[in-house]
Amino acid sequence: MSAIGLKIPLPKSRHVLPGFGLSLGFTIFYLTSLVLIPLLALVLRPFELGLDGMWNAISTPRVMASLRLSFGMALAAAVIDSVFGFIIAWVLVRYRFPGKALLDAVIDLPFALPTAVAGIALSTLYAPTGWIGSILMEHGIKIAYTPWGVLVAMIFISLPFTVRTVQPVLSEIGRDMEEAAATLGATRLQSIGRVVLPMMLPAILTGAAMAFARAAGEYGSIIFIAGNIPAVSEIAPLLIVIKLEQYDYAGAAAVGVVMLAASFIMLLALNGLQSWAAKRR
Amino acid sequence: MSRRLANPTEDPLWLKLTLGIIAVGFIAIMLLLPLVLVFKEALASGVKTFFSAMVEPDTLAAVKLSLLAAAIAVPLNTVFGIAAAWSIAKFDFRGKTFLVTLIDLPFSVSPVVAGLVYVLVFGMQGWLGPTLAGYDIRILFSLPGIVLATIFVTFPFVARELIPLMVDQGRDEEEAAATLGASGFQTFLRVTLPNIKWGLLYGILLCNARALGEFGAVSVLSGHIRGQTNTMPLHVQLLYDNYDYAGAFAVAALLAMLALLTLALKSFLEWRYADELAASHRH
Chain B
1 MSAIGLKIPL PKSRHVLPGF GLSLGFTIFY LTSLVLIPLL ALVLRPFELG
51 LDGMWNAIST PRVMASLRLS FGMALAAAVI DSVFGFIIAW VLVRYRFPGK
101 ALLDAVIDLP FALPTAVAGI ALSTLYAPTG WIGSILMEHG IKIAYTPWGV
151 LVAMIFISLP FTVRTVQPVL SEIGRDMEEA AATLGATRLQ SIGRVVLPMM
201 LPAILTGAAM AFARAAGEYG SIIFIAGNIP AVSEIAPLLI VIKLEQYDYA
251 GAAAVGVVML AASFIMLLAL NGLQSWAAKR R
Chain X
282 MSRRLANPTE DPLWLKLTLG IIAVGFIAIM LLLPLVLVFK EALASGVKTF
332 FSAMVEPDTL AAVKLSLLAA AIAVPLNTVF GIAAAWSIAK FDFRGKTFLV
382 TLIDLPFSVS PVVAGLVYVL VFGMQGWLGP TLAGYDIRIL FSLPGIVLAT
432 IFVTFPFVAR ELIPLMVDQG RDEEEAAATL GASGFQTFLR VTLPNIKWGL
482 LYGILLCNAR ALGEFGAVSV LSGHIRGQTN TMPLHVQLLY DNYDYAGAFA
532 VAALLAMLAL LTLALKSFLE WRYADELAAS HRH
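Heads up: the protein sequence lines correspond to chains B and X, in order.
When you line the first sequence up against my numbering, it's residues 1 to 281, in that order.
When you line the second sequence up against my numbering, it's residues 282 to 564, in that order.
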């Protein structure tokens with residue numbers, strides 16, 4: 001600008017466009033008052049109990065069982081959804097068939113369908129008298145009102161995350177590497193397994209992390225199908241609700257802080273994955 | 282001969298069939314079957330029962346409350362989304378990446394935790410609860426609590442659609458308008474808005490769907506008072522827990538139709554205005 005040597009008086013504001021102060025000010029005010037301060041209220045609350053008190057609130061068998069169930073099943077759901085999500089994304093990107101657009105649109109159903117609706121539908125479907133439950137019952141498998149019900153609901157709710165993170169990356173990567181692999185004598189399965197899958201790894205892991213985060217925090221669709229037996233099929237978010245109903249605010253906050261800490265770790269992991277993916281390109 | 286001409290990156294037929302059947306089968310059993318069941322159960326005891334469950338006063342009150350909560354939360358989050366995207370896309374400042382991460386934060390927080398944080402602020406044992414009670418202001422177990430919960434869970438929808446879109450579009454057009462003497466408001470209305478209108482609509486659509494369907498956060502804050510603080514999803518639970526399956530699935534079918542409408546509009550926007558949406562070129 002001034003390198004040209006002309007003396008143009010700089011405008012008072014550093015910005016050409018108006019509204020910087022107003023828009024950023026409103027953004028920060030809205031974010032702080034509605035999200036950050038309430039979250040701070042949660043983080044500070046358990047400290048009323050002291051560290052020992054907080055540990056006592058979390059280390060009861062019932063709380064530990066619920067945390068193990070929520071995070072363990074969320075991990076299982078994330079793995080299962082990553083496998084099927086990749087297959088679905090592959091079919092949607094690479095194959096041509098009638099009804100493809102419809103199939104593509106249906107993937108987002110768990111995003112759009114209210115979780116309570118999904119909950120009563122899955123519960124009815126997998127109950128011993130339901131369409132799927134009655135078939136499984138003949139083989140002695142019970143899903144509804146057991147921890148497996150939790151898994152089924154989590155698989156349902158998290159599927160779109162895995163498909164929707166893999167799909168755009170898969171349609172962008174070129175096929176030259178696969179061609180090279182084929183030229184060098186790799187079979188089709190070898191090219192997919194050793195060339196495509198490693199390239200897709202950051203996207204697959206990102207999808208899995210998002211699926212895990214969503215599944216671990218999920219409440220609405222699970223409580224109908226889980227049966228909610230304490231220490232067996234009772235998820236951590238439900239335990240927060242139960243503790244609140246008993247006016248045990250500090251206890252509820254202690255479990256809530258563990259859930260929130262897990263969310264933060266997942267958020268950091270996701271940011272790390274994104275910068276890793278960006279470097280690999 | 283055909284062997285040499287075959288595309289080396291084309292899957293063999295057996296693989297196509299296997300993967301195709303797995304994909305279609307998984308979607309049919311995991312996603313479509315529950316949807317079909319909702320409509321089948323809703324109509325199981327006849328169309329008449331379905332409609333009489335719809336016009337039941339408590340159901341109508343739940344529909345009204347859900348629409349009211351969404352009518353407050355969605356515009357607020359839309360204004361926030363526009364302001365956030367304007368500041369992030371049109372100006373340079375430090376800590377921008379951090380701000381974007383914070384805006385996305387509500388997505389990774391469990392809905393129940395979202396409800397919990399407001400109980401800790403506005404509850405009787407909370408920070409502001411006793412003070413507000415002194416002025417006779419009720420937040421929990423009434424409309425403001427439901428609206429707050431809805432705002433929290435739908436917080437990033439508009440912002441995260443607009444931010445990448447407006448960053449992509451750059452600042453040239455707005456700067457030209459400003460140079461030619463347009464006011465800030467004129468610039469936004471005549472230059473920015475036409476460029477982002479489909480993305481804005483897309484964000485509002487998703488925000489609205491989640492607002493009408495939210496369960497966990499609203500459940501913590503509503504108090505479940507039948508006919509007063511029950512939203513549609515909460516009403517589904519209430520009917521279901523009272524073994525009124527016909528009623529529960531009737532309301533559920535209404536919500537499912539809303540979800541299908543949302544998906545149809547979403548697909549239409551993605552197909553017709555793909556170039557003007559951030560979602561379609563997000564990596």
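Here a beta-carbon is modelled for each residue, glycine too, at the ideal position from N, C-alpha and C.
Beta-carbon proximity list for residue i, same chain, < 7 angstroms, skipping 5 on both sides
i, result
"N228(B)", "E234, L238"
"V196(B)", "E178"
"G251(B)", "A57, K243"
"A366(X)", "A440, L443, I444, M447"
"Y66(B)", "The amino acid occupying residue 66(B) in the given sequence is Ser; Tyr does not appear at that position. E234, I235, A236, L239."
"W276(B)", "P202"
Straight-line Cα distance separating residue j from residue i
i, j, result
"L205(B)", "I418(X)", "46 angstroms"
"A571(X)", "D373(X)", "As displayed, chain X neither begins before 282 nor continues past 564, which places residue 571(X) out of reach and without an answer."
"A215(B)", "S70(B)", "8 angstroms"
"L39(B)", "F433(X)", "11 angstroms"
"Y554(X)", "Q246(B)", "50 angstroms"
"L424(X)", "T510(X)", "7 angstroms"
"Y219(B)", "I157(B)", "10 angstroms"
"T299(X)", "S500(X)", "43 angstroms"
"P387(X)", "K321(X)", "35 angstroms"
"I225(B)", "G99(B)", "31 angstroms"
"G5(B)", "K547(X)", "Bear in mind that the predicted position of G5(B) carries a pLDDT of just 49, short of 50, making it too unreliable to give a figure here."
"I485(X)", "F466(X)", "21 angstroms"
"A101(B)", "P356(X)", "31 angstroms"
"W55(B)", "T512(X)", "36 angstroms"
"L270(B)", "L324(X)", "43 angstroms"
"L31(B)", "A278(B)", "28 angstroms"
"E138(B)", "L125(B)", "15 angstroms"
"G295(B)", "F469(X)", "Only positions 1 to 281 of chain B appear in the structure, and residue 295(B) is not among them; the question remains open."
"I420(X)", "Y399(X)", "9 angstroms"
"P338(X)", "A262(B)", "42 angstroms"
"V232(X)", "P475(X)", "Here chain X covers residues 282 to 564 and nothing more, so residue 232(X) does not appear."
"V394(X)", "V43(B)", "11 angstroms"
"I303(X)", "S191(B)", "20 angstroms"
"L113(B)", "L536(X)", "7 angstroms"
Boundaries of the alpha helix (DSSP H) in which residue i is found, first to last residue
i, result
"M154(B)", "147-172"
"F530(X)", "526-553"
"A351(X)", "338-371"
"W90(B)", "61-94"
"L268(B)", "249-280"
"W55(B)", "50-58"
"Q509(X)", "Element bounds for Q509(X): n/a, residue is neither H nor E."
"L383(X)", "377-389"
"R419(X)", "It is not in any alpha helix (DSSP H) - R419(X) carries neither H nor E in the DSSP assignment."
"R214(B)", "197-217"
"A182(B)", "176-183"
"I28(B)", "20-31"
"F320(X)", "314-323"
"I240(B)", "236-245"
"G306(X)", "294-308"
"G410(X)", "410-415"
"M311(X)", "Careful: M311(X) lies outside any alpha helix (DSSP H) and carries neither H nor E."
"G396(X)", "392-403"
"P110(B)", "109-112"
Close Cβ partners of residue i (< 6 angstroms) along its chain, the five nearest in sequence each way excluded
i, result
"L493(X)", "S347, A351"
"F29(B)", "none"
"Q450(X)", "N476"
"I222(B)", "V150, A153, I235"
Same chain, Cβ closer than 8 angstroms to residue i, neighbours up to 5 away in sequence not counted
i, result
"A540(X)", "A490, G494"
"S134(B)", "P128"
"R563(X)", "Confidence in R563(X) is poor, its pLDDT being 46 and thus under 50, which makes the residue's placement unreliable; the coordinate value appears in the next sentence. Hits under 8 angstroms: P445."
"M282(X)", "With a pLDDT of 42 at M282(X), under the threshold of 50, the modelled position of this residue cannot be trusted; read the value that follows with caution. Once the five neighbours on either side are set aside, M282(X) has no close Cβ partner at all."
The ligand FAD heavy atom lying under 7 angstroms from the CB of residue i
i, result
"F156(B)", "Here there are no bound small molecules, and the ligand FAD is not part of this structure."
Supposed contact pair residue j and residue i - C-beta distance, whole angstroms, cut 8 angstroms
i, j, result
"A529(X)", "I120(B)", "6 angstroms"
"A253(B)", "P46(B)", "5 angstroms"
"W131(B)", "L314(X)", "7 angstroms"
"R62(B)", "P230(B)", "5 angstroms"
"K371(X)", "E454(X)", "Not a contact, Cβ separation roughly 11 angstroms."
"A105(B)", "S123(B)", "Going by Cβ atoms, the distance from A105(B) to S123(B) rounds to 25 angstroms, so no, they are not a contact pair."
"E207(B)", "G85(B)", "First, the amino acid is wrong: residue 207(B) is Gly here, not Glu. With a Cβ gap of about 6 angstroms, G207(B) and G85(B) count as contacting."
"F436(X)", "L487(X)", "Not confirmed; about 12 angstroms, so no contact."
Run through the stretch 433-508 of chain X for me and flag every whole alpha helix (DSSP H) of 4 or more residues, listed as ranges in chain order.
438-450, 453-460, 465-468, 474-494, 497-503
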